[in-house]
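This report concerns only the one structure given below.
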Amino acid sequence: MLSKKDIEKKVDNGEIKIEPWEPSNLKPASLAVHLDNEVARPKKGEIDPLSEEDYEQYFEKQTLSMGETIKLNPGDFILARTRESFGIPKDIAALMDGKTTLARLGLSVTQGAMLIHPGSGEPKPRKIVLEIKNDGPFTIKLTSEMQIGEVFFHELKTPTDIAYDEGWDYGLRKRLDELTPKTESF
Numbered sequence: 039m040l041s042k043k044d045i046e047k048k049v050d051n052g053e054i055k056i057e058p059w060e061p062s063n064l065k066p067a068s069l070a071v072h073l074d075n076e077v078a079r080p081k082k083g084e085i086d087p088l089s090e091e092d093y094e095q096y097f098e099k100q101t102l103s104m105g106e107t108i109k110l111n112p113g114d115f116i117l118a119r120t121r122e123s124f125g126i127p128k129d130i131a132a133l134m135d136g137k138t139t140l141a142r143l144g145l146s147v148t149q150g151a152m153l154i155h156p157g158s159g160e161p162k163p164r165k166i167v168l169e170i171k172n173d174g175p176f177t178i179k180l181t182s183e184m185q186i187g188e189v190f191f192h193e194l195k196t197p198t199d200i201a202y203d204e205g206w207d208y209g210l211r212k213r214l215d216e217l218t219p220k221t222e223s224f
């Protein structure tokens, strides 16, 4: 795992790309990340996860103004992104996790999808999608730009032979060589 000093060094020499880069967000072994202003709430419906249909139609997007708050009632689920965009090289993987202060309220930000693969956001850095669920008993207010979680960086013993963005289209369920290019989605 990379320490604060390691992360700072790799960002300074261009190995890891973080936009915007704010060194004040560094912690002893992680980088604090913030909630972006676009969220997507699921609509009611039935989905077959084995089908090749686009999930976009099942979500209603909402753009929050700076500092605007949304409420998540117990059981609510939304998709969101980090404000920060990342470019991760082939020799580093990262893990996304929520803040413990939010977890104590029952809020999860990574419904199992916490791994950021080597080569994600390369060559063009991109935001991390968050799967936010309120499993607690309280209605929780989320504000755009608030600190929502942390990213932990890990060096691989051996760099991967294919970067994630070279072999898979972010947000889709098939390898790139099996489909035509598509725009980024939740």
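Under the numbering used here, the first residue of the sequence shown is numbered 39, with each subsequent residue one higher. Here a beta-carbon is modelled for each residue, glycine too, at the ideal position from N, C-alpha and C. The structure displayed is predicted, hence computed values, not measured ones.
{"Check": "Among 126, 118 and 161, nearest to residue 197 - alpha-carbon criterion", "Outcome": "126"}
{"Check": "Minimum length 4: unbroken alpha helix (DSSP H) runs contained in the segment 119–174", "Outcome": "138–141"}
{"Check": "Contacting residues, own chain, Cβ-Cβ under 6 Å from residue 192 (five flanking each side not counted)", "Outcome": "39 and 131"}
{"Check": "Host beta strand (DSSP E) of residue 179 (start-end)", "Outcome": "178–181"}
{"Check": "Among 98, 166 and 187, the one whose alpha carbon lies nearest that of residue 139", "Outcome": "187"}
{"Check": "Alpha carbon of residue 201 to alpha carbon of residue 177, nearest angstrom", "Outcome": "40 Å"}
{"Check": "Cβ shell of residue 83 (< 6 Å), same chain only, five flanking positions each side left out", "Outcome": "96"}
{"Check": "Cβ-based neighbour list, residue 159, same chain, cut-off 8 Å, excluding 5 preceding and 5 following", "Outcome": "55, 123, 124, 125, 126 and 203"}
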